[in-house]
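Notes to accompany the following structure.
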Amino acid sequence: MDSIFIEGTPKTPNINFDNDKGSLLLKGRSIPENSIEFYKPLVDWLEAYSSSPKPKTVCDVQLEYFNTSSSKCLLDLFKKMEFMSKSGNEIIINWYYEEDDEDMLEAGEDYQSIINVPFKMIEMEE
Amino acid sequence: MQLSSINDKPALGTSKKTNSKKRMNNSEIKLKPVEYGNTAMNIYDLYHRMESNKVVLSFKGDVTSELMSSILQIIEQRMDSMNETPKLKKKVYNVLVECLQNLYHHIDQVPSEISKNGLDRSAIFMISLNNKGYSITTGNYIQSNRKESFKSRLERINSLDSTELKELYKEVLTSDGRSDKGGGGLGMIDIARKTGKKLNYDFAQLNDEYSFFSLNINVDDSK
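Line by line, the protein sequences are chains R and V. Each number in this note's numbering comes from the position in the first sequence (counting from 1) with 8 added on. Each number in this note's numbering comes from the position in the second sequence (counting from 1) with 42 added on.
Shown next as structure tokens:
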């Protein structure tokens with residue numbers, strides 16, 4: 009299975025889903041008009057990955073902005089991770105937010121309360 | 043495309059002092075009356091009114107993906123040059139994205155008997171400075187058959203406090219229903235949460251079939 013690397017754009021984040029390392033990175037801005045189009049291949053990739061994941065999978069979410077259209081797609085990704093976790097795999101989601109960005113911290117806490125996977129909130133200094 | 047920007051950029055490195063001074067300065071500049079030709083629209087009058095209302099950017103026309111990118115870029119640069127706090131910049135940017143994408147996704151066709159310019163997807167957008175932050179105003183046509191359900195959603199959002207809004211957000215986020223664009227009705231809830239203010243809206247009934255929906259959102263970093 010191939011890893012996915014997608015260069016970021018002003019409206020879509022950098023994606024680095026590394027199959028060998030078991031690391032998933034989303035970084036930048038996620039404000040596309042059609043989020044499903046962007047996230048569908050990622051959800052599909054994660055579905056395939058979950059059939060034989062690494063013993064430990066770390067997901068780093070380092071988003072500066074995301075729109076509400078992306079928020080459901082992020083939930084889809086996290087649900088796949090929750091499924092992997094229930095099947096006995098170790099999953100960690102690192103949720104990064106910039107200093108003073110209470111909205112981004114709160115968004116992370118919303119997911120944390122919905123998804124049964126360990127979330128780690130990490131504050132970044134500007 | 044009609045994109046207008048009022049270029050009164052402060053010089054680089056201007057302090058916040060300049061910024062707040064600019065916000066507070068409400069004094070009207072006295073101008074000599076100008077003689078106009080017999081034009082259909084008094085463009086100077088329009089410009090002057092926008093200037094007085096501290097309009098940073100306004101647009102009327104078809105909302106496209108490219109237009110939204112341009113507006114976001116212009117406002118982001120503008121806020122940088124105004125030395126706005128990172129917190130305010132983030133809030134304005136987020137709310138702006140949701141407002142513009144609402145226009146992009148949910149706009150109804152302009153009724154043909156009302157349309158004067160052949161554009162069938164037309165909306166108005168304006169962002170201006172106010173004392174504490176930014177004011178974003180949008181306007182677009184809506185079909186009367188969609189009006190009531192939309193209005194009751196807005197009324198519900200306005201009736202909730204911040205804890206209840208958080209619960210509603212999570213409820214809608216985890217519900218199966220979603221629009222084909224992916225949002226599924228989260229935009230207005232998100233705007234209300236991020237601004238910490240009630241949504242200020244109005245429906246102007248045009249005829250049996252159409253209303254004009256207007257939305258005004260004030261964003262500051264008090265929340």
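Ideal placement from N, C-alpha and C gives every residue a C-beta, glycine not left out. From a predicted model like this one, the values you see are computed outputs, not experimental measurements.
> What number of angstroms, rounded off, separates the C-alpha of serine 58 (chain R) from the C-alpha of proline 40 (chain R)?
Replying inline: Within the first sequence, numbered from 1, the residue matching residue 58 (chain R) stands at position 50. Within the first sequence, numbered from 1, the residue matching residue 40 (chain R) stands at position 32. Serine 58 (chain R) and proline 40 (chain R) have their C-alpha atoms roughly 26 Å apart.
> Where does the unbroken beta strand (DSSP E) through methionine 9 (chain R) begin, and where does it stop?
Replying inline: For the purposes of this step, residue 9 (chain R) is taken as residue 1 along the first sequence, with counting starting at 1. Boundaries for methionine 9 (chain R): no beta strand (DSSP E) harbours it, and the DSSP string shows neither H nor E there.
> Are the region 253-261 of chain V and the region 166-183 of chain V touching, with three or more C-beta to C-beta distances below 8 Å?
Replying inline: yes
>> Can you look up glutamate 131 (chain R) in the DSSP assignment and give me helix, strand or coil?
In response: To locate residue 131 (chain R), count along the first sequence from 1; it is residue 123. In the structure shown, glutamate 131 (chain R) sits in a strand (DSSP, three-state: E or B).
> Closest to isoleucine 100 (chain R) by CA distance: which of R:Asp109, R:Glu106, R:Leu85 is it?
Replying inline: Position 92 of the first sequence, counting from 1, holds the residue named residue 100 (chain R). Answer by Cα proximity: R:Leu85.
>> What residue range does the alpha helix (DSSP H) around serine 93 (chain R) cover?
In response: Position 85 of the first sequence, counted from the first residue, corresponds to residue 93 (chain R). 76-94 is the span of the alpha helix (DSSP H), which, as asked, contains serine 93 (chain R).
> Can you name the start and end residues of the alpha helix (DSSP H) that serine 256 (chain V) belongs to?
Replying inline: Indexing the second sequence from 1 puts residue 256 (chain V) at position 214. Looking at the DSSP string, serine 256 (chain V) is not in any alpha helix (DSSP H); the run it does join, the beta strand (DSSP E), is 252-261.
> Can serine 177 (chain V) be considered in contact with the ligand ADP, in the sense that its beta carbon sits closer than 7 Å to one or more heavy atoms?
Replying inline: Absent from the structure shown: the ligand ADP. Ligands present: none.
>> Rounded to whole angstroms, what is the Cα-Cα separation between lysine 208 (chain V) and lysine 240 (chain V)?
In response: Counting from 1 along the second sequence, the entry for residue 208 (chain V) is found at position 166. Counting from 1 along the second sequence, the entry for residue 240 (chain V) is found at position 198. A straight line joining the alpha-carbon of lysine 208 (chain V) with that of lysine 240 (chain V) spans about 14 Å.
> Which residue from R:Cys67, R:Phe25, R:Ile122, R:Gly116 puts its Cα closest to that of tyrosine 105 (chain R)?
Replying inline: By one-based count along the first sequence, residue 105 (chain R) stands at place 97. The option with the nearest alpha carbon to tyrosine 105 (chain R) is R:Gly116.
> Quick one, are the C-beta atoms of glycine 174 (chain V) and aspartate 262 (chain V) less than 8 Å apart?
Replying inline: Within the second sequence, residue 174 (chain V) is the residue found at index 132, counting from 1. Within the second sequence, residue 262 (chain V) is the residue found at index 220, counting from 1. Position check: residue 174 (chain V) holds lysine in this sequence, whereas glycine was assumed. Their beta carbons are under 8 Å apart, which means lysine 174 (chain V) touches aspartate 262 (chain V) by this criterion.
> How should serine 107 (chain V) be labelled, buried or exposed, when 16 other C-beta atoms within 10 angstroms of its C-beta is the threshold for buried?
Replying inline: Numbered from its first residue, the second sequence carries residue 107 (chain V) at position 65. With fewer than 16 Cβ atoms within 10 Å of its Cβ, serine 107 (chain V) is classed as exposed.
>> Using 8 Å as the threshold, is the C-beta distance between serine 164 (chain V) and aspartate 244 (chain V) below it?
In response: Your numbering for residue 164 (chain V) matches position 122 in the second sequence. Your numbering for residue 244 (chain V) matches position 202 in the second sequence. Not closer than 8 Å, so no.
> Helix, strand or coil: how does DSSP classify glycine 181 (chain V) here?
Replying inline: As a working mapping, residue 181 (chain V) is identified with position 139 in the second sequence. DSSP, reduced to helix, strand and coil, places glycine 181 (chain V) within a strand of the structure shown.
>> The alpha helix (DSSP H) that contains arginine 120 (chain V), what's its start and end?
In response: Translated into positions along the second sequence, residue 120 (chain V) becomes position 78. Annotation: the continuous alpha helix (DSSP H) that includes arginine 120 (chain V) extends over 107-123.
>> For glutamate 110 (chain R) and aspartate 250 (chain V), I'd like the C-alpha separation in whole angstroms.
In response: Locating residue 110 (chain R) in the first sequence gives position 102, where the first residue counts as 1. Locating residue 250 (chain V) in the second sequence gives position 208, where the first residue counts as 1. So the alpha carbons of these two residues sit roughly 44 Å apart.
> With distances taken from CA atoms, which of V:Gln247, V:Ala246, V:Arg198, V:Lys129 is nearest threonine 237 (chain V)?
Replying inline: Indexing the second sequence from 1 puts residue 237 (chain V) at position 195. The shortest Cα separation from threonine 237 (chain V) among V:Gln247, V:Ala246, V:Arg198, V:Lys129 belongs to V:Lys129.
> Is the CB-CB distance between leucine 99 (chain V) and isoleucine 117 (chain V) below 8 Å?
Replying inline: Working through the second sequence from its first residue, we reach residue 99 (chain V) at position 57. Working through the second sequence from its first residue, we reach residue 117 (chain V) at position 75. Yes, the pair counts as a contact, with Cβ atoms nearer than the cut-off.
> Using a beta-carbon distance below 8 Å, is threonine 76 (chain R) in contact with chain V?
Replying inline: Along the first sequence, one-based indexing puts residue 76 (chain R) at 68. Cβ-Cβ to chain V under 8 Å: yes for threonine 76 (chain R).
>> Using only CA atoms, which one of V:Lys193, V:Asn200, V:Leu109, V:Lys265 lies nearest to alanine 246 (chain V)?
In response: Within the second sequence, residue 246 (chain V) is the residue found at index 204, counting from 1. Checked all of V:Lys193, V:Asn200, V:Leu109, V:Lys265; the closest Cα to alanine 246 (chain V) is V:Lys193.
> If the cut is a Cβ gap below 7 Å, which residues of chain V does serine 79 (chain R) touch?
Replying inline: Translated into the one-based positions of the first sequence, residue 79 (chain R) becomes position 71. What serine 79 (chain R) touches in chain V: Leu215, Leu228.
>> Please state whether the Cβ-Cβ distance between serine 78 (chain R) and serine 43 (chain R) is less than 8 Å.
In response: The residue given as residue 78 (chain R) occupies position 70 in the first sequence. The residue given as residue 43 (chain R) occupies position 35 in the first sequence. In contact: serine 78 (chain R) and serine 43 (chain R) (Cβ atoms closer than 8 Å).
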